[in-house]
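A.B. asks:
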Amino acid sequence: MNQLKVVAAVVEKSVLRYTPAGIPIATATLVHDSKQEQAGGQRQVEFEIPAIAAGEISKRFLEIELGAAILFTGFLARKNRNSKSIVFHVTEFEVAENETNLLD
Numbered sequence: 001m002n003q004l005k006v007v008a009a010v011v012e013k014s015v016l017r018y019t020p021a022g023i024p025i026a027t028a029t030l031v032h033d034s035k036q037e038q039a040g041g042q043r044q045v046e047f048e049i050p051a052i053a054a055g056e057i058s059k060r061f062l063e064i065e066l067g068a069a070i071l072f073t074g075f076l077a078r079k080n081r082n083s084k085s086i087v088f089h090v091t092e093f094e095v096a097e098n099e100t101n102l103l104d
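By this note's numbering, the letter at position 89 of the sequence shown is numbered 89, and the numbering carries on one by one without gaps.
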């Protein structure tokens with residue numbers, strides 16, 4: 001199974017574009033910052049990941065306020081067939097409960 005759920009903030013986003021087939025595509029950069037339990041201790045976890053939303057969700061995706069804590073759900077895939085880079089393909093999102101602004 002390839003499913004990722006992460007609370008992150010949008011720090012950069014593109015304008016809406018369309019594929020040759022007419023599918024709307026939105027891209028953004030997400031940033032995550034948290035403390036996680038590992039081997040009995042706390043570990044600070046920080047990362048940035050490129051994200052893409054395609055279809056109906058893309059317009060709503062671009063309306064997300066920069067810095068807002070959002071729970072994103074989706075899957076990971078290569079950027080393209082010949083790339084080793086990964087992209088987070090967002091399929092759902094909602095405002096994260098008990099989180100505010102991740103960029104403060």
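Ideal Cβ placement from N, Cα and C applies to all residues, glycine included.
If you scan the segment 43-94 from start to end, which runs of the alpha helix (DSSP H) of 4 or more residues do you find wholly inside it?
C.D. replies: As far as the segment 43-94 is concerned, its whole alpha helix (DSSP H) runs of at least 4 residues are 57-62.
A.B. asks: Got a sec? Which residues, its chain only, sit under 6 Å from Glu46 by beta carbon, not counting five neighbours each side?
C.D. replies: If we look at Glu46 and ignore the five residues flanking it on each side, its Cβ neighbours are Asp33.
A.B. asks: Go to Glu97, then tell me how far its beta strand (DSSP E) extends in each direction, as first and last residue.
C.D. replies: Unbroken run through Glu97: none, as it is neither H nor E.
A.B. asks: Are the CB atoms of Ser58 and Asn26 within a distance shorter than 8 Å?
C.D. replies: One point to set straight first is that residue 26 is Ala, not Asn, in the sequence displayed. Yes; because the gap between Cβ atoms is below 8 Å, this pair is in contact.
A.B. asks: If you draw a straight line from the alpha carbon of Arg60 to that of Glu94, how long is it in whole angstroms?
C.D. replies: Arg60 and Glu94: Cα-Cα distance of roughly 11 Å.
A.B. asks: How would you label Leu66, buried or exposed, when you count the other beta carbons within 10 angstroms and need 16 or more for buried?
C.D. replies: By the 10 Å Cβ count, Leu66 comes out exposed.
A.B. asks: Between Gln44 and the rest of its own chain, which residues show a CB-CB distance below 7 Å, the 5 nearest in sequence each way excluded?
C.D. replies: Same-chain partners within the cutoff: Lys35.
A.B. asks: So the beta strand (DSSP E) Ala9 belongs to, where does it begin and stop?
C.D. replies: Here the beta strand (DSSP E) through Ala9 covers 4-13.
A.B. asks: Cα separation between Val87 and Ile49?
C.D. replies: Those two C-alpha atoms are separated by around 7 Å.
A.B. asks: Drop a sphere of 10 angstroms on the beta-carbon of Ala8, count the other beta-carbons inside from all chains shown, and report buried for 16 or more, exposed for fewer.
C.D. replies: Buried is the call here.
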